[in-house]
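Quick mapping for you: the protein sequence lines, in order, are chains A and B. Per numbering that gives the first Met the number 0, residue 0 is the first one in the first sequence, and the count goes up by one each step. Per numbering that gives the first Met the number 0, residue 0 is the first one in the second sequence, and the count goes up by one each step. Glycine included, every Cβ here is placed at the ideal spot set by N, Cα and C. Data first, discussion second: the structure below is written as structure tokens.
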Amino acid sequence: MIGGLFIYNHKGEVLISRVYRDDIGRNAVDAFRVNVIHARQQVRSPVTNIARTSFFHVKRSNIWLAAVTKQNVNAAMVFEFLYKMCDVMTAYFGKISEENIKNNFVLIYELLDEILDFGYPQNSETGALKTFITQQGIKGQWPLSVLPLYLNLRFLCSLQTKEEQSQITSQVTGQIGWRREGIKYRRNELFLDVLESVNLLMSPQGQVLSAHVSGRVVMKSYLSGMPECKFGMNDKIVIDKQGKGGGTDDAGKSGKQSIAIDDCTFHQCVRLSKFDSERSISFIPPDGEYELMRYRTTKDIILPFRVIPLVREVGRTKLEVKVVIKSNFKPSLLAQKIEVRIPTPLNTSGVQVICMKGKAKYKASENAIVWKIKRMAGMKESQISAEIELLPTNDKKKWARPPISMNFEVPFAPSGLKVRYLKVFESKLNYSDHDVIKWVRYIGRSGIYETRC
Amino acid sequence: MPAVSKGDGMRGLAVFISDIRNCKSKEAEIKRINKELANIRSKFKGDKALDGYSKKKYVCKLLFIFLLGHDIDFGHMEAVNLLSSNKYTEKQIGYLFISVLVNSNSDLIRLINNGLKNDLASRNPTFMNLALHCIANVGSREMAEAFASEIPRILVAGDTMDSVKQSAALCLLRLNRTSPDLVPMGEWTARVVHLLNDQHLGVVTAATSLITTLAQKSPDDFKTSISLAVARLSRIVTSASIDLQDYTYYFVAAPWLSVKLLRLLQCYPPPEDGALRSRLTECLETILNKAQEPPKSKKVQHSNAKNAVLFEAISLIIHHDSEPTLLVRACNQLGQFLQHRETNLRYLALESMCTLASSEFSHEAVKTHMETVINALKTERDVSVRQRAVDLLYAMCDRSNAKQIVAEMLSYLENADYSIREEIVLKVAILAEKYAVDYTWYVDTILNLIRFAGDHVSEEVWYRVIQIVINRDEVQGYAAKTVFEALQAPACHENLVKVGGYILGEFGNLIAGDSRSSPLVQFNLLHSKFHLCSVPTRALLLSAYIKFINLFPEVKGTIQDVLRSDSQLRNADVELQQRAVEYLRLSCIASTDILATVLEEMPPFPERESSILAKLKKKKGSLNVPDIDDSRKNMNGNGNVEHNNNSEPNDVTTKSPASVVADLIPTNRPRPTSASPILLSAGIMSASHPFTDLLNLNSPPATGGGGGGGGGGRGSGSLLVDVFSDLSSQAPAPAPAPAAAAEVSEENFSRFVCKNNGVLYENQLLQIGLKSEYRQNLGRIYVFYGNKTSAQFQSFTSAVTSADSLKSHLDVHAKPVDPVIEGGAQMQQIVNMECISDFTEAPLLNIQFRFGGALQNMAVKLPVTLNKFFQPTEMNSQEFFQRWKQLGAPQQEVQKIFKSKQPMDSDVTKAKIIGFGVAFLDGVDPNPANFVGAGVIHTKTTQVGCLLRLEPNTQAQMYRLTLRTSRESVSQRLCDLLSEQF
């Protein structure tokens with residue numbers, strides 16, 4: 000279990016230190032600073048073991064969050080918790096920055112008391128937390144003189160009535176801990192985002208060495224009462240089952256349209272027993288924004304871009320690079336924020352670039368040529384060519400040729416996932432599925448999208 | 000940002016450095032550096048030539064980036080180009096870059112050497128200096144090769160500038176240190192020595208350093224330097240009229256040069272020439288006189304410089320050790336420093352006095368300061384100074400003041416710093432022994448020692464006390480009385496209990512006359528401590544009890560009751576249990592006569608050098624040991640190395656391996672005791688607990704045989720003979736049959752008959768694993784020794800021995816192993832074997848090592864059995880029975896009917912038969928329940944075919960095993976081996 004949690008700024012100064020267990024001493028704070036933050040060699044592993052104490056850290060901009068333990072914990076659980084912690088903090092006071100943390104340290108300690116108990120993670124659902132940690136985060140900068148006043152206010156706020164308190168208790172400890180009763184909206188609305196990141200490693204000859212898509216279904220729901228929702232998508236197992244069941248209209252499409260999901264995880268509101276038996280996703284949604292599910296696919300991925308590299312070494316002092324990118328989706332769709340990063344050798348002394356579209360620049364500080372294109376429609380192609388001059392060095396080491404990487408954003412799901420329906424039932428209140436306004440959006444982004452050259 | 004002037008300021012560099020320092024994160028810093036590197040590359044690549052200034056600037060940046068810890072793989076060429084510049088700053092940066100970044104890159108080295116050569120040949124002294132500094136900084140072998148002949152020429156050339164000469168001397172010194180073989184001095188020697196006469200004091204200072212180093216290597220070549228050095232020294236020290244200009248440091252004339260000259264003189268014995276000698280004496284006297292003068296300045300630098308010269312002069316006086324007046328004066332001077340305000344001075348004074356104390360001339364003079372030193376011991380705040388004070392007290396101690404010094408040290412011990420307690424304990428023990436006129440005083444002292452600092456009293460100290468008490472009749476009674484009184488205290492240290500147990504066990508009868516210390520009182524007193532002690536002490540106490548039974552028959556019943564109690568007879572510790580059982584039986588069975596002989600008083604120990612002294616020397620290591628035998632003050636500046644060389648051989652020579660063996664032999668002498676088989680086993684047991692056997696009770700009788708004798712000899716020998724230091728490991732294994740001494744483990748032996756790999760032996764310390772492979776008549780075993788503790792095993796040896804009857808049948812050869820196994824580590828040993836003919840016994844693996852000071856000894860039977868040399872033979876039913884009939888002679892068949900020890904499972908049986916090495920023949924026997932196998936045993940001399948048949952009877956849980964081979968002995972052995980497995 001987590002023994003303690005520390006937050007440091009980029010210099011390694013401790014901003015937040017919360018120790019949950021006695022086996023973590025004061026020196027643990029310094030040990031992490033000395034051995035990880037100020038390490039001579041950059042520490043790349045997110046888990047560091049120092050003197051029989053494990054440190055799990057994540058970095059958000061310039062802020063280090065480190066969970067400490069002396070026990071043999073489930074590392075995945077700890078990281079899940081740290082990410083959740085980041086989400087909660089973001090939900091309360093916006094961007095995680097040194098200034099925001101300093102301004103909100105009372106709130107953060109209160110949150111830490113709530114979401115970790117003796118090192119065991121507790122309910123970290125923002126919606127649920129906001130019902131009993133009611134204070135607002137401070138987003139801007141407050142003059143110091145206001146702080147005492149603010150603290151008093153906070154204290155007043157926390158004096159809730161008995162009823163409220165008992166209501167909170169029953170809700171937090173009840174069966175549906177993520178939603179309270181009696182929510183009312185004039186307009187019942189639902190936003191559904193399918194966010195995917197596509198990862199690829201391709202050989203110079205265009206052979207796919209590895210590819211997978213990791214996706215998330217994120218929802219924002221503003222629904223009254225305690226609605227029961229049912230989410231359907233083109234999951235291969237479901238479609239096949241229906242096809243067998245006799246639904247002839249689906250059977251024709253399913254060959255192309257269904258996708259095979261390798262693994263998926265759900266928000267706690269989803270009834271897993273129902274998913275296991277019928278593979279249907281039904282749930283009572285939390286109020287506000289949450290992540291309904293995560294999934295991963297590896298088959299039949301639509302690769303939005305193809306990168307064709309051509310590298311030629313002319314003698315020891317010159318290198319010619321030509322890179323062609325081809326977009327591979329419907330011409331009616333537009334990809335955005337395209338960026339191609341072509342690494343250059345460490346002894347580059349000068350670069351000339353010519354490109355037909357977008358802007359390209361040699362960035363010496365990153366040892367790469369960065370080519371940016373704002374927009375690109377489907378089924379198009381574009382190319383860049385560069386001449387790289389090299390300085391002869393004493394080192395006989397050959398250049399390792401790191402892969403060319405790419406970033407983009409496309410308005411479809413590269414895995415092929417389609418939302419088939421999202422039904423809302425609320426038996427007690429009189430609104431039906433048709434009265435709910437639903438919005439669906441697909442965004443596909445690049446993860447690690449690399450082509451060897 | 001620092002203000003920079005245009006021109007040489009290199010603004011770009013300053014901006015770059017300040018950028019780097021302002022970087023918020025490591026990533027930002029790397030980005031900035033990448034950008035700068037790209038910029039420099041493009042500049043170096045650029046077609047138009049760079050001017051010297053920008054080249055210098057970029058090389059500087061590269062140097063800075065390198066010093067930040069990034070790799071630089073270009074720019075060397077530019078740096079070399081800078082060498083040919085005519086501007087000082089550019090050349091300097093070029094040399095700096097090369098000194099920092101040069102590696103043995105062949106093509107560049109040549110260019111650099113060329114640049115260096117040009118600069119050395121130029122008449123410009125600044126450039127020559129730069130080149131010399133570069134050579135000295137790099138100091139690589141290549142450079143030494145290229146310039147070793149050039150530099151001495153520059154050094155002695157008449158027209159070389161002073162500053163260049165100075166650099167050349169130091170450069171030569173550096174080359175001489177890194178590659179001494181390449182610097183030939185022969186022809187230059189005389190002229191180098193004459194540099195001591197140089198006008199310029201800087202040159203003289205540098206040359207003195209060089210000459211000192213060279214003189215240490217070949218003192219004879221530089222003998223002429225003595226007179227010059229003395230002359231130079233006297234000019235500096237005695238004549239006040241000469242103005243030394245820059246070389247006067249806070250009113251002290253050339254302190255560094257003086258110190259170096261004094262060090263140079265320490266390389267040689269006192270000059271023989273009378274005039275020279277008197278001149279040197281005069282110098283030293285002047286230095287001593289100057290120390291008495293009131294300081295010319297209150298500044299600390301003044302006194303530091305003055306004292307530096309003074310201390311070096313005192314070292315020289317001590318080194319010469321020939322002028323009593325000087326020695327006494329030096330001693331008095333140091334005496335003044337003992338009360339000085341400066342801690343450093345007090346420390347140095349104590350340290351120098353330690354060496355002075357060992358000189359016969361000044362010993363008395365040092366003794367006059369005893370009060371001050373004792374005072375320092377009590378009041379000094381700094382522990383390192385106190386340590387020196389202890390050293391000095393130890394060094395100045397002699398018969399006249401021993402009592403006082405020992406008393407003072409004892410009283411100091413009570414509140415001494417923990418880090419030095421053990422050393423003080425050892426010193427007190429040595430002094431008490433060395434200067435003891437009256438042994439009652441000695442006994443008192445040591446008992447006090449144990450009482451004050453029991454935890455720090457090492458085994459050697461109390462061993463020694465017992466040795467001395469036993470060897471001297473006159474103190475035995477007193478010792479018994481004192482020990483008895485000391486034991487009355489409610490809380491005693493365990494060491495005291497050990498001494499008490501031993502001495503009362505031996506000499507309790509001497510005080511039994513007094514009713515206050517009647518036998519029963521003595522016994523009750525000892526037994527009241529029994530339960531608070533550790534196992535070794537308890538074992539010792541048990542031995543003391545059995546001695547009591549002999550000494551005082553009247554308490555026999557009480558003691559037998561104690562021995563008989565469950566806590567003894569059924570003690571979980573095997574050593575205690577065995578002692579209790581054996582002593583109880585001994586006391587019941589043996590007649591008083593036998594008891595009296597067995598439990599006779601210990602005979603005196605052979606006299607020898609105190610082991611404590613050896614221990615102290617070992618402990619001190621590189622520290623200055625104020626030994627009684629005079630250790631000469633080191634000759635040069637780097638004292639520790641030299642000093643070690645002086646003192647180490649002393650330690651070793653005091654005990655050569657041969658003398659260790661000699662020490663061991665007398666204790667092996669047979670005892671006039673009756674032959675008692677029980678005691679023999681006690682002797683064997685004791686080998687693993689050597690320290691518990693202080694009472695030489697279980698020293699075995701003469702009839703015990705060589706093995707037992709060796710074991711017992713080791714057991715007792717290693718405790719009272721002075722071999723507990725590392726010397727025992729050097730001893731060429733005086734007991735060649737330790738196997739018999741250690742218990743032979745063969746618990747896992749039978750498990751290996753049918754398998755080749757696994758754990759052979761395991762206890763709390765050690766795990767032995769095996770992996771073996773056999774091919775025809777050859778076999779190889781990989782033995783893995785795993786250290787299960789966190790501490791080292793030292794002096795680890797393991798050897799394979801075979802009984803004589805086995806030697807001619809099986810050839811075993813074990814590879815040697817490392818003597819040390821680190822904690823938690825594993826070591827592998829390869830044992831090769833060749834089977835010459837069939838055999839029945841198994842070789843023994845003897846293991847010995849030292850763990851935490853105790854010698855561990857064990858022997859394990861190596862699972863090499865005859866069946867390992869089996870080669871399976873496939874045959875069909877017809878062939879099998881044909882051969883079976885051929886081997887029908889009655890002496891060729893061995894049959895055995897036996898009950899199954901394990902549940903009968905045909906799969907397990909089958910696996911075992913295959914593991915046994917024969918081919919498992921399926922479907923040969925008409926009865927499918929029977930097992931049939933065939934194989935050939937390969938030995939070097941013959942091959943023995945072998946057929947076997949195993950018939951299980953499940954109802955009766957019995958087996959019938961039949962083996963037919965061409966040799967009777969083989970049949971019998973195989974039958975025995977295999978029948979054990981079911």
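Cβ distance (whole Å) where residue i is taken to contact residue j below 8 Å
i, j, result
"Leu260(B)", "Leu232(B)", "5 Å"
"Val236(B)", "Ile316(B)", "Not quite, the Cβ-Cβ distance comes to about 14 Å (not below 8 Å), so this is no contact."
"Gln825(B)", "Ala813(B)", "17 Å between Cβ atoms; not a contact."
"Arg262(B)", "Thr188(B)", "About 19 Å separates the two Cβ atoms, so there is no contact after all."
"Ser257(A)", "Ile280(A)", "So it is not a contact: roughly 15 Å between Cβ atoms."
Straight-line gap, residue i to residue j (C-alpha atoms, nearest Å)
i, j, result
"Ser516(B)", "Ala479(B)", "10 Å"
"Leu583(B)", "Tyr544(B)", "10 Å"
"Asp161(B)", "Ile111(B)", "25 Å"
"Asn508(B)", "Gln521(B)", "10 Å"
"Leu446(B)", "Asn494(B)", "9 Å"
"Phe31(A)", "Phe54(A)", "7 Å"
"Glu188(A)", "Glu425(A)", "14 Å"
"Ile588(B)", "Leu376(B)", "59 Å"
"Gln980(B)", "Ser789(B)", "37 Å"
"Arg451(A)", "Arg51(A)", "40 Å"
"Asp904(B)", "Glu892(B)", "26 Å"
"Ala253(B)", "His199(B)", "12 Å"
"Pro818(B)", "Tyr760(B)", "20 Å"
"Pro733(B)", "Ala143(B)", "For Pro733(B), the predicted structure reports a pLDDT of 39, less than 50, and the residue's modelled location is therefore unreliable. The matter cannot be settled from this model."
"Gly231(A)", "Leu111(A)", "36 Å"
Neighbour flag for residue i against chain C, beta carbons, 8 Å
i, result
"Asp924(B)", "Among the protein chains of the structure shown, namely A and B, there is no chain C."
Buried or exposed (CB count within 10 angstroms, at least 16 for buried), residue i
i, result
"Ala130(B)", "buried"
"Arg569(B)", "exposed"
"Asn866(B)", "buried"
"Arg578(B)", "buried"
"Thr207(B)", "buried"
"Ser807(B)", "exposed"
"Gly908(B)", "It is worth fixing the name first, because residue 908(B) is Thr in this sequence and not Gly. Buried, by the Cβ-count rule."
The ligand GTP heavy atom lying under 7 Å from the CB of residue i
i, result
"Gln332(B)", "Absence of the ligand GTP is noted for the structure shown, with no ligands found whatsoever."
Same chain only: Cβ atoms within 6 Å of residue i, ignoring 5 sequence neighbours per side
i, result
"Arg140(B)", "Ser178"
"Pro351(A)", "Before going further, note that residue 351(A) is Gln rather than Pro in the sequence given. Cβ within range, chain order: Glu386."
"Ile313(B)", "Ala329 and Ser351"
"Gln174(A)", "none"
Own chain, CB closer than 7 Å to residue i, minus 5 neighbours either side, in chain order
i, result
"Tyr346(B)", "Ser383, Val384 and Arg387"
"Ala27(A)", "Gly3, Thr52 and Val67"
Neighbourhood of residue i by C-beta distance below 8 Å, restricted to the same chain and skipping five residues each side
i, result
"Ala304(B)", "Tyr248, Tyr249, Val251 and Pro254"
Item checked: At least 3 beta-carbon pairs within less than 8 Å: the segment 278 to 286 of chain A vs the segment 199 to 208 of chain A -> no
Margin query: If contact is defined by three or more beta carbon pairs under 8 Å, each pair taking one atom from either stretch, is the segment 427 to 446 of chain A in contact with the segment 368 to 379 of chain A?
Written below: In short, these stretches do not touch, since the Cβ pair count stays below three.
Notebook entry, point to check: With a cut-off of 8 Å, do at least 3 Cβ pairs link the segment 330 to 338 of chain B to the segment 370 to 379 of chain B?
Noted result: yes
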